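A.B. asks: Residue numbers (this note's numbering), protein chains in the order written: chain A, 1 to 252; chain B, 253 to 605.
Every residue, glycine too, gets a C-beta built ideally from N, C-alpha and C.
Note that the structure is a prediction, hence the values are computed from the model and not measured.
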Amino acid sequence: MALLEVKNLSISFGGLRAVDDFNVSIEKGQLYGLIGPNGAGKTTVFNLLTGVYQPDEGFIHLDGEDITRLKTIEINQAGIARTFQNIRLFKELSVLDNVKVGLHNKYHYSTVEGLLRLPRYFQMEKKMDERAMELLKVFDLDGEADYLASNLPYGKQRKLEIARALATDPKLLLLDEPAAGMNPNETKELMETIRFVRDHFDMTILLIEHDMKLVAGICEELTVLNFGKILTQGKTSDVLHDPEVITAYLGE
Amino acid sequence: MKNRNIPKKLQDNLITIGIVVVCYILVMILSATGLLSNLLQGLLVPLCAYIILAVSLNLTVGILGELSLGHAGFMCVGAFTSAFFSKCMENTITFAPVRFFLALLIGGLCAALIGFLIGMPVLRLKGDYLAIVTLAFGEIIKNIMNVLFIGRDSHGFHFSMKDSLSLGLEEGGDVIINGAQGITGTPKDSNFTIGVILIVLTLLIVLNLINSRDGRAIMSIRDNLIASESIGIHITKYKLMAFTISAALAGIAGVLYSHNLNSLMATPKNFGYNMSIMILVFVVLGGIGNIRGSVIAAVILTLLPELLRGLNDYRMLIYSIVLIVMMLYNWAPNMIALRKKAANRFGRKKEVA
Ligand SMILES: Nc1ncnc2c1ncn2[C@@H]1O[C@H](COP(=O)(O)OP(=O)(O)O)[C@@H](O)[C@H]1O
Ligand SMILES: [Mg+2]
Numbered sequence: 001m002a003l004l005e006v007k008n009l010s011i012s013f014g015g016l017r018a019v020d021d022f023n024v025s026i027e028k029g030q031l032y033g034l035i036g037p038n039g040a041g042k043t044t045v046f047n048l049l050t051g052v053y054q055p056d057e058g059f060i061h062l063d064g065e066d067i068t069r070l071k072t073i074e075i076n077q078a079g080i081a082r083t084f085q086n087i088r089l090f091k092e093l094s095v096l097d098n099v100k101v102g103l104h105n106k107y108h109y110s111t112v113e114g115l116l117r118l119p120r121y122f123q124m125e126k127k128m129d130e131r132a133m134e135l136l137k138v139f140d141l142d143g144e145a146d147y148l149a150s151n152l153p154y155g156k157q158r159k160l161e162i163a164r165a166l167a168t169d170p171k172l173l174l175l176d177e178p179a180a181g182m183n184p185n186e187t188k189e190l191m192e193t194i195r196f197v198r199d200h201f202d203m204t205i206l207l208i209e210h211d212m213k214l215v216a217g218i219c220e221e222l223t224v225l226n227f228g229k230i231l232t233q234g235k236t237s238d239v240l241h242d243p244e245v246i247t248a249y250l251g252e
Numbered sequence: 253m254k255n256r257n258i259p260k261k262l263q264d265n266l267i268t269i270g271i272v273v274v275c276y277i278l279v280m281i282l283s284a285t286g287l288l289s290n291l292l293q294g295l296l297v298p299l300c301a302y303i304i305l306a307v308s309l310n311l312t313v314g315i316l317g318e319l320s321l322g323h324a325g326f327m328c329v330g331a332f333t334s335a336f337f338s339k340c341m342e343n344t345i346t347f348a349p350v351r352f353f354l355a356l357l358i359g360g361l362c363a364a365l366i367g368f369l370i371g372m373p374v375l376r377l378k379g380d381y382l383a384i385v386t387l388a389f390g391e392i393i394k395n396i397m398n399v400l401f402i403g404r405d406s407h408g409f410h411f412s413m414k415d416s417l418s419l420g421l422e423e424g425g426d427v428i429i430n431g432a433q434g435i436t437g438t439p440k441d442s443n444f445t446i447g448v449i450l451i452v453l454t455l456l457i458v459l460n461l462i463n464s465r466d467g468r469a470i471m472s473i474r475d476n477l478i479a480s481e482s483i484g485i486h487i488t489k490y491k492l493m494a495f496t497i498s499a500a501l502a503g504i505a506g507v508l509y510s511h512n513l514n515s516l517m518a519t520p521k522n523f524g525y526n527m528s529i530m531i532l533v534f535v536v537l538g539g540i541g542n543i544r545g546s547v548i549a550a551v552i553l554t555l556l557p558e559l560l561r562g563l564n565d566y567r568m569l570i571y572s573i574v575l576i577v578m579m580l581y582n583w584a585p586n587m588i589a590l591r592k593k594a595a596n597r598f599g600r601k602k603e604v605a
């Protein structure tokens with residue numbers, strides 16, 4: 001059975017049908033791409049999947065569990081984590097603390113244990129530090145652990161967002177335009193990192209991307225959205241050679 | 253791998269607490285040698301209360317990122333509930349430290365409860381509603397205290413919102429809360445030493461909270477609510493936690509304040525809007541989110557007008573210059589850049605909490 005199973009997902013804003021009858025089925029371990037012109041409804045799909053918006057119709061199943069209409073935090077606990085198109089880091093926190101907030105629900109100690117600095121506070125903080133540093137190392141950010149997140153260069157901020165999402169130990173990772181604003185070298189490096197994340201963490205990844213090199217390079221399957229509707233769906237090479245896709249999207 | 257963040261933060265916090273302790277020792281020496289004017293002596297306990305208020309308000313404004321314009325209201329709740337308790341218990345519990353400890357608990361808990369009840373509906377909303385509601389709360393609580401009458405006789409407590417006569421007390425009964433006259437004759441259980449101990453406790457609570465799992469969750473909400481939610485942080489829970497702790501500490505400041513006064517009245521000056529704004533000024537000028545800054549700003553801005561009394565003509569001039577300098581130091585972009593550079597040179601890449 002597929003890890004993510006989405007059926008007939010739709011939502012309207014006023015008169016605008018931003019997502020119309022969206023279906024997708026993603027297998028565990030897949031690297032899946034969602035592409036389409038600006039305003040096609042890609043980010044809205046992510047917002048529907050993560051409970052930011054409630055769908056008018058349709059359902060979402062994650063690993064056999066119905067997560068339609070759950071709250072954002074419940075969906076995160078069920079196993080979906082995401083990054084944002086416009087970076088949303090905790091700017092005034094250190095790079096390390098950004099990841100540690102992601103570990104919040106994985107390592108527990110009570111408020112009182114924290115206030116009184118009981119032994120469990122130190123044990124758990126140490127474990128969180130170790131886990132967070134491990135994650136930062138994957139993204140080559142361990143050297144900047146003590147920096148404020150807002151002091152990181154742009155490309156590294158994007159990576160930190162991925163590290164923070166992974167800290168919640170998700171089953172499915174959603175990346176919204178991870179290469180936006182990166183130069184070709186950074187993009188190439190990011191491709192390696194995404195592949196590494198998939199292999200190393202045994203992760204399933206759904207990503208939105210405009211960079212066709214990246215999409216063609218790492219995505220196994222694609223869905224193309226246009227005006228909220230699915231234009232085509234299938235193996236990456238097939239989709240990218242579909243004449244309809246070329247005229248609607250790649251041709252312009 | 254070592255705990256990389258804890259030692260440095262611990263060191264920072266110890267410096268803040270160290271400053272408080274050193275100041276305390278200095279004041280004690282000055283006081284013993286008779287160098288402290290009566291006026292300043294009288295200012296010491298209120299100053300301690302202001303410091304606690306500033307630090308606790310910074311928890312709401314700087315750490316949680318919500319604006320509160322009625323912090324004095326929580327102080328008022330703590331002051332009156334605890335003074336009421338102490339006055340009732342004056343002859344029952346004669347050992348002052350125990351009585352004051354219980355008063356602290358009562359004042360803190362009552363303020364926390366009110367904070368929780370206000371925060372519960374308001375903090376669920378997205379937007380600056382807290383500022384408006386706390387502003388109203390501060391005024392309402394002050395006005396209630398001005399028309400509240402509570403008396404006690406052998407039948408128990410009597411309560412009125414009209415005047416002390418309508419309490420209908422029997423012969424020998426006494427009025428404990430007397431409307432606009434407030435509470436008179438609260439036992440003087442607090443002093444400067446207790447005040448400093450409470451400051452240190454407040455600092456420990458707030459600084460330990462900031463550098464903990466809960467504190468990180470609270471600050472993540474401040475920095476980006478949507479991202480915070482997306483990684484499973486329970487927004488309302490942590491907003492309420494920060495706001496309730498902040499209210500409780502303000503209540504404790506009220507207990508300290510009221511047990512240093514012969515007659516406790518709710519005037520605009522001590523519990524009204526003016527007071528709330530004055531505390532907010534301490535927080536803003538000391539640096540939003542900067543706990544040590546709140547302490548320093550509260551001290552400077554409380555003592556300065558008194559210290560400058562000799563220079564009567566120039567007093568307000570100097571006071572305003574200090575305000576402007578502090579504002580520039582904390583908020584001018586060039587100054588911030590300069591301070592960051594200086595901090596980096598000394599091997600520090602982070603702002604202190
Ligand atoms: N909250 C909202 N309210 C109204 N319209 C919205 C909202 N969110 C998205 N839209 C609209 O939905 C359409 C799809 O937006 P989006 O999903 O951001 O596109 P994409 O990510 O594919 O560029 C756009 O026309 C956008 O204006
Ligand atoms: Mg988008």
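Quick check: what's the CA-CA separation for A:ASP56 versus A:ASP20?
C.D. replies: Going from the Cα of A:ASP56 to the Cα of A:ASP20 covers about 10 angstroms.
A.B. asks: Could you pull out every residue in the same chain whose Cβ sits closer than 8 angstroms to the Cβ of B:VAL551, ignoring the five residues on either side in sequence?
C.D. replies: Closer than 8 angstroms at Cβ, skipping near neighbours: CYS275, LEU299 and ILE303.
A.B. asks: Verify whether the separation of the beta carbon atoms of A:ASP176 and A:ILE208 is less than 7 angstroms.
C.D. replies: Yes, they are a contact pair.
A.B. asks: Is there at least one Cβ from chain A nearer than 7 angstroms to B:GLU481's Cβ?
C.D. replies: Chain A contact via Cβ: present.
A.B. asks: If you draw a straight line from the C-alpha of B:LEU321 to the C-alpha of B:ALA306, how long is it?
C.D. replies: About 12 angstroms.
A.B. asks: Hey, out of B:MET517, B:ILE271 and B:ASN542, whose CA is closest to B:ASN395's CA?
C.D. replies: The residue with the shortest Cα to Cα distance from B:ASN395 is B:MET517.
A.B. asks: What is the residue span of the alpha helix (DSSP H) that B:ARG386 lies within?
C.D. replies: For the record, residue 386 of chain B in the displayed sequence is Thr; it is not Arg. Unbroken alpha helix (DSSP H) run through B:THR386: 381-399.
A.B. asks: In or out: A:LYS137 buried (at least 16 other Cβ within 10 Å) or exposed?
C.D. replies: Answer is exposed; the Cβ neighbour count stays below 16.
A.B. asks: Three Cβ pairs or more, each shorter than 8 angstroms: is that satisfied between the stretch 29-41 of chain A and the stretch 219-236 of chain A?
C.D. replies: The stretch 29-41 of chain A is in contact with the stretch 219-236 of chain A.
A.B. asks: Going along the chain, which residues of its own chain have a beta-carbon closer than 7 angstroms to the beta-carbon of A:LYS235, five neighbours each way excluded?
C.D. replies: GLU221.
A.B. asks: Just checking: is the beta-carbon of A:ASN38 within a distance shorter than 7 angstroms of some beta-carbon in chain B?
C.D. replies: Judged by the 7 angstroms Cβ criterion, A:ASN38 is not in contact with chain B.
A.B. asks: Among B:LEU555, B:ILE540, B:PRO557 and B:THR438, which residue has its Cα nearest to the Cα of B:MET579?
C.D. replies: Checking every option, the nearest Cα to that of B:MET579 belongs to B:ILE540.
A.B. asks: Please state the DSSP three-state secondary structure of A:SER10.
C.D. replies: DSSP places A:SER10 in strand when its eight states are reduced to three.
A.B. asks: Which partner residues of A:ILE26 appear in the DSSP bridge assignment?
C.D. replies: Answer by DSSP bridge pairing, in chain order: A:LEU4.
A.B. asks: In this structure, does DSSP put A:VAL19 in helix, strand or coil?
C.D. replies: Here A:VAL19 sits in strand by DSSP.
A.B. asks: Under 5 angstroms, CB to any heavy atom of ligand 1. Which residues pass, going along the chain?
C.D. replies: Going along the chain, the residues that qualify are A:PHE13, A:ALA18, A:ASN38, A:GLY39, A:ALA40, A:GLY41, A:LYS42, A:THR43 and A:THR44.
A.B. asks: Give me the residue from A:LEU172, A:ALA167, A:ASN183 and A:THR232 with the minimum Cα distance to A:VAL99.
C.D. replies: The shortest Cα separation from A:VAL99 among A:LEU172, A:ALA167, A:ASN183 and A:THR232 belongs to A:ALA167.
A.B. asks: Shorter than 6 angstroms, the distance from the beta carbon of A:GLN85 to the closest heavy atom of ligand 2, or not?
C.D. replies: Yes; taking the cut-off as 6 angstroms, the Cβ of A:GLN85 has a heavy atom of ligand 2 nearer than that.
A.B. asks: Cβ atoms of B:SER412 and B:SER406: under 7 angstroms apart, would you say?
C.D. replies: In this structure, B:SER412 does not lie closer than 7 angstroms to B:SER406 by Cβ.
A.B. asks: In chain A, what lies closer than 8 angstroms to B:ASP466 by C-beta?
C.D. replies: Chain A residues near B:ASP466: THR111 and GLY114.
A.B. asks: So, B:VAL535 versus B:ASN310, is the Cβ gap smaller than 7 angstroms?
C.D. replies: Yes, the Cβ-Cβ distance between B:VAL535 and B:ASN310 is below 7 angstroms.
A.B. asks: What separation, rounded to the nearest whole angstrom, lies between the Cα atoms of B:GLY599 and A:ASP129?
C.D. replies: Confidence is the limiting factor: at B:GLY599 the pLDDT is only 49, short of 50, which leaves the residue's position unreliable and the question unanswerable from this model.
A.B. asks: If you follow the alpha helix (DSSP H) that B:ILE531 is in, where does it begin and where does it stop?
C.D. replies: Run containing B:ILE531: 525-538, per the alpha helix (DSSP H) assignment.
A.B. asks: With 7 angstroms as the limit, tell me which residues of the stretch 98-110 of chain A have their beta carbon closer than that to any beta carbon of chain B; keep them in chain order.
C.D. replies: Residues passing the 7 angstroms Cβ filter: LYS100, VAL101, GLY102, HIS104, ASN105 and TYR109.
A.B. asks: Report back the beta-carbon spacing between B:ASP475 and A:GLU65 to the nearest angstrom; my notes put them in contact at under 8 angstroms.
C.D. replies: In fact, because the Cβ distance is near 31 angstroms, the residues do not count as touching under 8 angstroms.
A.B. asks: Got a sec: is the Cβ-Cβ distance from B:SER528 to anything in chain A below 7 angstroms?
C.D. replies: Not closer than 7 angstroms to any Cβ of chain A, the Cβ of B:SER528 fails to qualify, so no.
A.B. asks: Less than 7 angstroms separating the beta-carbons of B:VAL458 and B:ILE366?
C.D. replies: No, these two residues do not count as a Cβ contact at 7 angstroms.
A.B. asks: Whose C-alpha, out of A:THR83, A:ASN47, A:GLY114 and A:LEU214, is nearest the C-alpha of A:SER12?
C.D. replies: Checked all of A:THR83, A:ASN47, A:GLY114 and A:LEU214; the closest Cα to A:SER12 is A:ASN47.
A.B. asks: Given a threshold of 16 other Cβ atoms within 10 Å of its Cβ, counted over all protein chains shown, does A:LEU118 qualify as buried or as exposed?
C.D. replies: So A:LEU118 counts as exposed.
A.B. asks: Would you mind reading off the limits of the beta strand (DSSP E) that contains A:TYR32?
C.D. replies: Here the beta strand (DSSP E) through A:TYR32 covers 31-35.
A.B. asks: Considering only residues of the same chain and omitting the five flanking positions on each side of A:LEU174, which have a CB-CB separation below 6 angstroms?
C.D. replies: Result list for A:LEU174: PHE46, ARG82 and LEU206, in chain order.
A.B. asks: Under a Cβ-count criterion, where at least 16 other Cβ atoms within 10 Å of its own Cβ denotes burial, should A:ALA78 be classed as buried or exposed?
C.D. replies: Buried, because 16 or more other Cβ atoms sit within 10 Å of the Cβ of A:ALA78.
A.B. asks: Report the CB separation of A:ILE67 from B:HIS486 in whole angstroms; it is logged as a contact under 8 angstroms.
C.D. replies: That belief does not hold up - the Cβ atoms of A:ILE67 and B:HIS486 are roughly 18 angstroms apart, past 8 angstroms.
A.B. asks: Mapping DSSP to helix, strand and coil, what is A:GLY51?
C.D. replies: Here A:GLY51 sits in coil by DSSP.
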